[in-house]
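Numbering (the working numbering), first residue to last: 10 to 188.
The beta carbon of each residue, even a glycine, is placed where N, CA and C say it ideally should be.
Remember, it's a predicted structure, so these values are computed and weren't measured experimentally.
These notes concern the structure reproduced below.
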Amino acid sequence: MIVRPTLTTQRLVLRPYREEDAADVLRVAGDRAIADTTMRIPHPYAHSDAVAFIARQQENFAGGRSIQFAMTGGADGELLGGIGLEIDPDHASAELGYYVAVPHWGKGYAFEAAAAVVAYAFEVKHLNRVHAHHMSRNPASGRILQKLGMRHEGTLREHIMKWGVPENVEVYAILASDR
10 MIVRPTLTTQ RLVLRPYREE DAADVLRVAG DRAIADTTMR IPHPYAHSDA VAFIARQQEN
70 FAGGRSIQFA MTGGADGELL GGIGLEIDPD HASAELGYYV AVPHWGKGYA FEAAAAVVAY
130 AFEVKHLNRV HAHHMSRNPA SGRILQKLGM RHEGTLREHI MKWGVPENVE VYAILASDR
């Protein structure tokens with residue numbers, strides 16, 4: 010079995026998801042506010058969704074196409090959210106995605122975790138490009154991406170449907186040469 014990495018920041022431990030995380034993943038990802046501000050987390054989010062998500066992680070990492078981290082913090086290792094990369098090895102690029110539990114919004118955890126994962130993407134995975142998207146109505150996510158050094162590359166007009174309503178999506182990216 011290939012060992013998935015753990016990343017440590019000043020306040021966080023970004024570690025592989027474990028089977029016993031399913032209830033915490035459900036608690037965090039099951040919040041409608043999380044689904045409202047992300048493009049890939051469904052609502053309602055069932056326990057079986059959390060179990061299936063965790064079960065896929067080792068295989069996805071072994072295939073070189075994805076790495077997902079449980080974002081944990083505090084002395085008790087509380088699950089604060091999740092962060093990861095969907096990797097396109099043919100093009101040396103990846104999409105960054107993250108979510109943070111609603112009670113922890115505004116505390117800087119997303120930026121702290123994202124900075125570590127972007128560094129991992131460039132320094133360990135030797136990628137050339139990391140990009141991210143956010144809904145236009147979620148400018149806080151855009152500020153995180155800008156703080157990471159990502160450049161705004163454009164707006165995808167009515168790119169997704171959320172709750173039956175078309176949503177604009179902002180695209181950001183950083184290149185290895187930008188760092």
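For residue i, which beta-bridge partners are listed by DSSP?
i: T191; result: Residue 191 lies beyond the residue range present for the chain, which begins at 10 and ends at 188; the question has no answer from this structure.
i: F78; result: I92
i: H100; result: Bridge partners of H100: none, in fact.
i: A141; result: Y181
i: G106; result: G93
i: R1; result: Only positions 10 to 188 of the chain appear in the structure, and residue 1 is not among them; the question remains open.
i: I169; result: E176
Leaving out five residues before and five after residue i in sequence, what residues of the same chain have Cβ atoms less than 7 Å from its Cβ?
i: I153; result: A119, F120, A123
i: H56; result: A31, L35
i: G73; result: I96, P98
Give every residue of the same chain whose Cβ lies closer than 6 Å to the Cβ of residue i, excluding the five residues on either side of it in the sequence, and list them in chain order.
i: A59; result: A31, V34, L35
i: K156; result: F120
i: T15; result: R24
i: S150; result: H143
Rounding to the nearest angstrom, what Cα-Cα distance links residue i and residue j in this structure?
i: A182; j: G117; result: 20 Å
i: R188; j: E29; result: 37 Å
i: V127; j: L105; result: 8 Å
i: Q77; j: R49; result: 14 Å
i: A141; j: G83; result: 27 Å
i: A61; j: W172; result: 23 Å
Can you give the beta carbon distance from residue i to residue j, rounded, assuming they're within the 8 Å contact cut?
i: Y108; j: G90; result: 5 Å
i: E179; j: H161; result: 7 Å
Cutting at 8 Å between CB atoms, please list the residues of its own chain near residue i, excluding the five before and the five after it.
i: L88; result: D30, D33, V34, R36, V37, A79, M80, T81, A110
i: S102; result: I96, L136, N137, R138, V139, H140
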